[in-house]
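Reading the sequence shown from the start, the letters are residues 37 to 500 in my numbering. Single-structure report; data block below.
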Amino acid sequence: MTVGSDGAWYDAIMNWFLGGLIGFFLGGAIVGLVLWLRTQSQQASLKQRAASLDEQCARLNEELREARQNAKEADERRHASDVERARLEQQLQGREAQFEEQKKLLEEAEKKLLAVFEATGAKLLQHNTDRFMKQAEKSFDEKSKPIRELLEAQKKAVEEIEKKRETAYVRLDEQIKHIAQSHERLNTETNRLVTALRRPEQRGRWGELQLENVVQLAGMTEHCDFHTQAQTDDASTRDRPDMVVNLPGGGVIVVDAKVSLDAYLNAIQPDADREQELTRHARQVETHVRQLASKAYWNQFDRTPRLVVLFMPLESALHAALEIKPDLHAEAMKQNVLIATPTLLVATLRAIAYGWQQEAIAENARDIAAVGHELYDRLAKFTEHFERVGRGLNGATDSYNKAIGSLESRVLVSARRLRELHATTAKEIQSPPPLEIEVRDVTAPDLQRSAIEETGENASRGGA
Numbered sequence: 037m038t039v040g041s042d043g044a045w046y047d048a049i050m051n052w053f054l055g056g057l058i059g060f061f062l063g064g065a066i067v068g069l070v071l072w073l074r075t076q077s078q079q080a081s082l083k084q085r086a087a088s089l090d091e092q093c094a095r096l097n098e099e100l101r102e103a104r105q106n107a108k109e110a111d112e113r114r115h116a117s118d119v120e121r122a123r124l125e126q127q128l129q130g131r132e133a134q135f136e137e138q139k140k141l142l143e144e145a146e147k148k149l150l151a152v153f154e155a156t157g158a159k160l161l162q163h164n165t166d167r168f169m170k171q172a173e174k175s176f177d178e179k180s181k182p183i184r185e186l187l188e189a190q191k192k193a194v195e196e197i198e199k200k201r202e203t204a205y206v207r208l209d210e211q212i213k214h215i216a217q218s219h220e221r222l223n224t225e226t227n228r229l230v231t232a233l234r235r236p237e238q239r240g241r242w243g244e245l246q247l248e249n250v251v252q253l254a255g256m257t258e259h260c261d262f263h264t265q266a267q268t269d270d271a272s273t274r275d276r277p278d279m280v281v282n283l284p285g286g287g288v289i290v291v292d293a294k295v296s297l298d299a300y301l302n303a304i305q306p307d308a309d310r311e312q313e314l315t316r317h318a319r320q321v322e323t324h325v326r327q328l329a330s331k332a333y334w335n336q337f338d339r340t341p342r343l344v345v346l347f348m349p350l351e352s353a354l355h356a357a358l359e360i361k362p363d364l365h366a367e368a369m370k371q372n373v374l375i376a377t378p379t380l381l382v383a384t385l386r387a388i389a390y391g392w393q394q395e396a397i398a399e400n401a402r403d404i405a406a407v408g409h410e411l412y413d414r415l416a417k418f419t420e421h422f423e424r425v426g427r428g429l430n431g432a433t434d435s436y437n438k439a440i441g442s443l444e445s446r447v448l449v450s451a452r453r454l455r456e457l458h459a460t461t462a463k464e465i466q467s468p469p470p471l472e473i474e475v476r477d478v479t480a481p482d483l484q485r486s487a488i489e490e491t492g493e494n495a496s497r498g499g500a
């Protein structure tokens with residue numbers, strides 16, 4: 037072999053070697069670039085999921101603050117009821133003290149009558165006085181009994197409010213524990229979310245579970261506040277909505293969670309045609325909105341608003357559809373369909389739950405107003421009878437003074453003549469002084485019958 041041929045052979049080998057080396061490095065660079073792009077996509081998805089979890093934590097903290105505020109308001113209402121009950125008990129004690137004072141005056145008058153008329157028929161007056169005292173005491177017991185009963189009713193009402201407050205605290209503690217447990221479950225489910233949603237047989241069940249988690253997070257109880265897979269009132273159809281939420285005052289609102297997410301899951305794949313898949317995803321959501329509106333659930337349940345809720349468990353899925361069709365919400369509302377993500381649905385359900393609480397508070401307020409109205413009516417009757425007791429005491433005093441006048445003009449005149457004739461040496465009989473006792477009228481404005489009746493009418497109108 038010549039030197040020239042050896043040089044050509046050497047150049048060929050070097051060219052082949054350099055070409056292979058350059059190809060190797062180019063292939064490695066391409067593979068590294070693909071892996072880097074795929075890693076960036078996964079990191080963006082994880083950041084988006086972390087931001088969503090932060091928003092959920094902030095919302096849960098706000099709901100906890102509202103629950104504590106409601107508990108504080110319940111304490112204030114209980115304190116106001118305790119103050120009102122103490123005021124009524126103090127009024128009753130004042131009436132009893134006034135009666136005891138009048139009774140003491142009668143007893144003193146009785147003793148004086150016994151001393152004067154012991155030898156001149158005072159026993160008859162004593163008998164009448166005893167009978168009058170017994171009747172007055174019996175009348176007071178009978179008239180004060182309704183007030184004691186009303187105070188007992190007020191006490192029971194306050195105890196019932198206290199029980200409700202304790203129950204509210206227990207429920208608040210349970211809700212806090214439930215929120216903490218839900219937060220832990222969210223962290224665990226986030227790690228499994230991508231894998232689970234890639235399996236079509238689990239997507240439907242996952243949507244139903246997310247819907248149940250949302251209503252439980254809103255503080256609702258199954259079979260009391262909502263029902264799953266409920267049968268419609270229309271016997272001609274077999275539609276069974278995913279959930280039916282009960283509304284205060286009757287009626288329900290239907291929630292559906294069967295929207296398809298196939299195109300959205302394909303769109304988030306690294307090698308997918310994102311724009312094409314998101315367009316298909318937006319069309320799938322529009323199609324489901326039309327199908328849901330065509331079922332007209334508001335005609336299949338009694339007293340149901342003309343609205344049905346389409347629940348989308350993924351916030352990002354709705355945002356992706358809105359990127360393609362920004363007027364998706366408006367078009368759905370024209371067909372009486374509300375597209376709701378977990379955030380919007382929790383707010384809606386919390387508003388419904390608050391409506392239930394307000395209805396219970398209003399009913400309790402009506403009961404308290406009715407008891408107050410009854411209390412004022414009976415207090416007015418009691419005041420009227422108490423005035424009659426005062427008039428009876430004045431009548432007894434007047435009879436006593438007339439008896440003294442008769443004693444002086446008819447009996448003592450003859451007795452003094454016996455002493456003047458020296459028929460007796462006993463101590464001279466002194467004429468007993470007349471009584472000048474006047475029973476006070478009921479002058480307190482809040483105990484006068486007209487004021488009590490007016491206040492009772494105002495309480496009745498306030499309760500109504």
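Built from N, CA and C at the ideal position, the CB exists for glycine as well.
For Met50, does the three-state DSSP call read helix, strand or coil?
-> helix
If you measure from the beta carbon of Arg123 to each beta carbon in chain C, is any gap under 7 angstroms?
-> Absent from the structure: chain C. Only one protein chain is present.
For the beta strand (DSSP E) that Leu346 lies in, which residues bound it at each end?
-> Val344 to Phe347
Beta-carbon separation (whole angstroms), Leu364 vs Val295, contact threshold 8 angstroms | With 8 angstroms as the limit, Leu364 and Val295 do not qualify as a contact, their Cβ atoms being about 12 angstroms apart.
For Ala376, three-class secondary structure by DSSP = strand
With DSSP as the reference, please indicate the residues paired to Ile289 in a beta bridge.
-> Val281
Taking all protein chains shown into account, do 16 or more other C-beta atoms lie within 10 angstroms of the C-beta of Arg326, making it buried, or fewer, making it exposed?
-> exposed
Going by other Cβ atoms of all chains shown within 10 Å of its Cβ, with 16 needed for buried, is Val291 buried or exposed?
-> buried
Helix, strand or coil at Thr433 according to DSSP, with G and I counted as helix = helix
Can you tell me the Cα-Cα spacing of Leu124 and Glu98, whole angstroms?
-> 40 angstroms
Evaluate the contact criterion for the stretch 183–197 versus the stretch 395–411: three or more CB pairs, one atom per stretch, below 8 angstroms.
-> yes
Can you tell which of Arg386, Val407, Tyr333 and Leu297 has its C-alpha closest to the C-alpha of Leu100?
-> Arg386
Do the stretch 194–207 and the stretch 432–441 make contact, defined as three or more Cβ pairs closer than 8 angstroms?
-> no
Assigned secondary structure, Leu381 (DSSP; H/G/I helix, E/B strand, else coil) = helix
Where Asp278 falls, given that 16 or more other Cβ within 10 Å makes a residue buried = buried
What is the rounded straight-line gap between the Cα of Val280 and the Cα of Ala254?
-> 15 angstroms
Could you check where the alpha helix (DSSP H) with Thr323 kicks off and where it finishes?
-> Arg310 to Lys331
Classification of Glu313 by the beta-carbon crowding that lies within 10 angstroms, buried from 16 upward | buried
Out of curiosity, what's the CA-to-CA distance linking Val337 and Ile289?
-> According to the sequence as given, residue 337 is Phe; it is not Val. Cα-Cα distance, rounded: 9 angstroms.
State the CB to CB distance for the pair Arg207 and Val382, rounded to an integer number of angstroms; the pair is presumed to be in contact (CB under 8 angstroms).
-> Contact flag wrong, Cβ pair sits at about 17 angstroms.
Just checking my contact of Met348 with Thr377 at CB under 8 angstroms: how many whole Å lie between their CB atoms?
-> 6 angstroms
Proximity winner among Asp47, Gly63 and Glu178, relative to Lys417 (alpha-carbon distances) = Glu178
Grouping DSSP H, G and I as helix and E and B as strand, with all else coil, what is Leu350?
-> coil
Under 8 angstroms by Cβ, that's how I've got Ile183 and Leu128 pegged, so tell me the actual separation to the nearest angstrom.
-> 6 angstroms
Ends of the alpha helix (DSSP H) at Leu297?
-> No alpha helix (DSSP H) holds Leu297; DSSP gives it neither H nor E.
Lys361 by DSSP, collapsed to three states: which one?
-> coil
Assuming Phe262 and Asn282 form a contact by the criterion Cβ under 8 angstroms, report the distance between their Cβ atoms to the nearest whole angstrom.
-> 6 angstroms
What's the gap between the Cα of Gln78 and the Cα of Asp307?
-> 12 angstroms
Ser442, buried or exposed, once every other Cβ within 10 Å from all chains shown has been counted against 16 = exposed
How many angstroms separate the CA atom of Ala158 from the CA atom of Gln126?
-> Model confidence at Ala158 stands at a pLDDT of 48, short of 50, so the residue's coordinates are unreliable and nothing is read from them.
Nearest to Lys170 by CA position, among Arg453, Ser445, Gln305 and Val425, is which residue?
-> Val425
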